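Taken in order, the sequence shown gives residues 1173 to 1352; the numbers are from this note's numbering. In this text, a Cβ means the ideal position worked out from N, Cα and C, and glycines have one as well. It should be emphasised that the depicted structure is a prediction, and the values quoted were computed from it without experimental measurement.
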Amino acid sequence: MSVSRGPAAGSPRGAFSLIELAICTAILGILATAVMPLSEVATRRRAELELRRTLREVRTAIDRYVEDRSRREPARPRPTLYPRDLDELVQARYLRQVPRDPIAGTRQWRLIGTADPPDARDLSVRVTDGSEAAGETSWRTEPAAAIVRGVGHVPPNGALFDLRSTSDRTALDGTAYADW
């Protein structure tokens, strides 16, 4: 009975050659550089999903708050039933705490009020200077005051109707996080 102790010294099967190690290292390097962008995209996608979940949760809390108040006070007009700010939702126990914006990394939100225009980020104002041809309208876009109002714990214009992220970054699908 003979016991094998592995390949003999000097045999070509005894160890990896320098070429084999270099090729394996190159392949691993290429795979690592391909995986890094994918992990960044996956991390960003997780943050986007968290933002969508948070927005849905807060918007649902606002809707439940308004619905409960409309049952208790049916004579009040609907716009007066909305909460003043996020802290009121926390105090009324519709939220446990003011949620964190996963994209901006803060608890600061752009709050949209009931008195704000329908799209507070792009307020179009008609400009008439008399130089337009008959039937034509000139439009100028001005920044809305609601962009500055309602950030953080500053009350929105009117009661709290909606909220948006304060981030100025663009999502993976090409839309702005602030427009979600």
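- Judged by DSSP in its simplified three-state form, residue 1348 adopts strand.
- Assigned with DSSP and collapsed to three states, residue 1275 falls in coil, not helix or strand.
- In the three-state DSSP reduction, residue 1240 falls in the helix class (H, G or I).
- For residue 1334, the enclosing beta strand (DSSP E) starts and ends at 1332-1337.
- In this structure, residue 1335 keeps its C-beta atom at 9 Å or more from the C-beta atom of residue 1220.
- With a cutoff of 9 Å on beta-carbon distance, residue 1222 and residue 1274 are scored as near each other.
- Using a Cβ distance threshold of 9 Å, residue 1238 and residue 1250 count as a contacting pair.
- In summary, residue 1333 is buried, with 16 or more beta-carbon neighbours lying within 10 Å of its beta-carbon over all protein chains present.
- Listed in chain order, the non-local C-beta contacts of residue 1269 below 7 Å within the same chain comprise 1262, local neighbours out to five positions each way being set aside.
- The alpha-carbon separation between residue 1216 and residue 1281 amounts to approximately 19 Å.
- In the assembly as shown, residue 1287 is an exposed residue. Its beta-carbon has fewer than 16 other beta-carbons within 10 Å.
- With a beta-carbon spacing of about 5 Å, residue 1233 and residue 1267 fall inside the 8 Å limit used to define contacts.
- Under the DSSP assignment, residue 1283 falls in the beta strand (DSSP E) whose first and last residues are 1281-1285.
- Residue 1197 is not a Cβ neighbour of residue 1272, given a cutoff of 9 Å.
- Residue range 1258-1263 is occupied by the alpha helix (DSSP H) that includes residue 1261.
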